[in-house]
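Quick note on numbering: the working numbering labels position 67 of the sequence shown as 69, and the sequence is numbered without any gaps. Heads up, the beta-carbon is just placed ideally off N, CA and C, and yes, glycines get one too. I have placed the structure first, in the form of C-alpha cells, so that the comments after it can refer back to it.
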Amino acid sequence: MSGEFGALLLSDARLPIGGHAYSAGLEPGLLDGMSATDIPRYLEARLRTVGFVEAAAAVLAHRTVTRDPDGLGTVHDALLARTPSAPARQVSAMLGRGLYRLGTRLWPDHPAITALRGLGNAPQRPVAFGVVAAAMNLDAEHIARSSLYDDAQTVASAALKLAPADPVDVVGWVLAAEPTISRLVSEAVAEWTPDTLPSVTAPQIEVWSLDHKHRTRRIFVA
C-alpha cells in the first residue's frame, strides 16, 4: 500500500475505529458553558496542545516500532505520563482498541502489529495510530498530518451535532487551521525520544473530561 493511500484511510472519519462516539472534548466544553462562537478557537487551541502531543507520540511510535520494537512499551508509558486525566486515557484506549482491531485483522503478520500486541488490545490511540501507520507504509509527515487533521475534523464534525451551524462555515474552520497544522507537522516529525516527547498540556480540557464522565445526559463519550 502506498503511504498516500494509507494516509487517506487513517484520516477518514468513516474508518470503523469508534471515532463517531468522540467529540475531541467539544461536548464537555459546551456543556460547561463555552460559547459556540468559540469553537474555532477551541479547535486551534486543542491542535496546539493535545493534538500536537498525540501527533508527536504517533510519529515516535512509528519510528520505534520500525527500529526497536521492544521499545514500544516505553513510548506508551511516556504518553500515559502526559495524559493525566483518567477519562482521557480511557477514551484514547477505546479508540486505540479500534485501531488494534483494524491492524490485527488486516495485517496480522506484520512485525509492527506483532509488537503492538504486546501492549494488550486497548493501547493508547496515538501509539496504535503510529503502529498501524507503519503497517500501511506511511512516513512521519503523513502520520503527523493525518493525526492532526483527524483531531480538527473530529471537533468540526461534532460541532454539527452539538451546536448546529452552516456546514460550509464548519469546513472553513478546518481550512483556517491549515497553517497551524502545517507548522505543527514540521515540529511533530522531530527526532523525539520517550524522555523528550512534548508535554504541552490543556488543563481546562482535562477538567472538562473529568466532569463529563459523570454526566448522565450526553451525546458523546468525551
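- request: Would you mind giving the Cβ-Cβ distance between V67 and A114, rounded to the nearest angstrom? I have them listed as a contact below 8 Å.
  value: A Cβ-Cβ separation of about 5 Å places V67 in contact with A114 under the 8 Å criterion.
- prompt: Do the CB positions of S4 and S148 come within less than 8 Å of each other?
  reply: no
- request: For the alpha helix (DSSP H) holding R127, just list the boundary residues, first then last.
  value: R127 to A137
query: With distances taken between CB atoms, is the gap from G105 to V133 smaller than 8 Å?
result: The answer is yes: Cβ separation under 8 Å.
message: I'd like to know whether the C-beta atoms of A179 and A154 end up nearer to each other than 8 Å.
response: yes
Reference A83, options K215, L162 and P196, closest by Cα: P196
- request: Report all residues from its chain with a CB closer than 7 Å to the CB of L97; omit the five preceding and five following residues, and keep chain order.
  value: I19, G20, G21, Y24 and R127
- prompt: CB-CB under 8 Å to D141, same chain, minus the five flanking residues each way: which ones, in chain order?
  reply: G5
query: When the Cβ atoms of the stretch 168-176 are set against those of the stretch 29-36, are three or more pairs found closer than 8 Å?
result: no
- request: Would you kindly work out how many angstroms separate the C-alpha atoms of T85 and L74, rounded to a whole number?
  value: 17 Å
Burial state of R107, where buried means 16 or more other Cβ atoms lie within 10 Å: exposed
task: Could you pull out every unbroken alpha helix (DSSP H) segment of at least 4 residues lying fully inside the stretch 35-66, listed in chain order?
output: 41-48
task: Quick one: residues in its chain with C-beta nearer than 7 Å to the C-beta of L101, no 5 flanking neighbours on either side, listed in chain order?
output: I19, R127, A130, F131 and V134
message: Among H144, E143, L177 and D111, whose alpha-carbon lies nearest the alpha-carbon of A158?
response: L177
Nearest-angstrom Cβ-Cβ length linking V55 and V209, presumed shorter than 8 Å: Between V55 and V209, the beta carbon gap of about 17 Å keeps them out of contact (Cβ cut-off 8 Å).
- prompt: Less than 8 Å separating the beta-carbons of T156 and L49?
  reply: no
- prompt: Whose C-beta lies closer than 8 Å to the C-beta of H144 among residues of the same chain, with five residues either side of it excluded?
  reply: G5, E6, G8, A9 and A135
field: Beta carbon of A59 nearer than 8 Å to that of L45
entry: no
task: Can you grab the Cα-Cα spacing for the pair E29 / L186, in whole Å?
output: 24 Å
- prompt: Are any of the Cβ atoms in chain B nearer than 8 Å to that of V176?
  reply: Protein chains in the displayed structure number just one, and chain B is not present.
query: Assuming P125 contacts K215 under a Cβ cut-off of 8 Å, what Cβ separation, rounded to an integer in Å, is found between them?
result: The Cβ separation is near 21 Å, so there is no contact.
task: Taking the CB atoms as reference points, tell me whether G27 and S211 lie closer together than 8 Å.
output: yes
Through-space distance from L162 to F222, alpha-carbon basis: 13 Å
- prompt: Apart from the five residues on each side of it in sequence, which residues of its chain come closer than 7 Å, Cβ to Cβ, to V93?
  reply: Y24, V223 and A224
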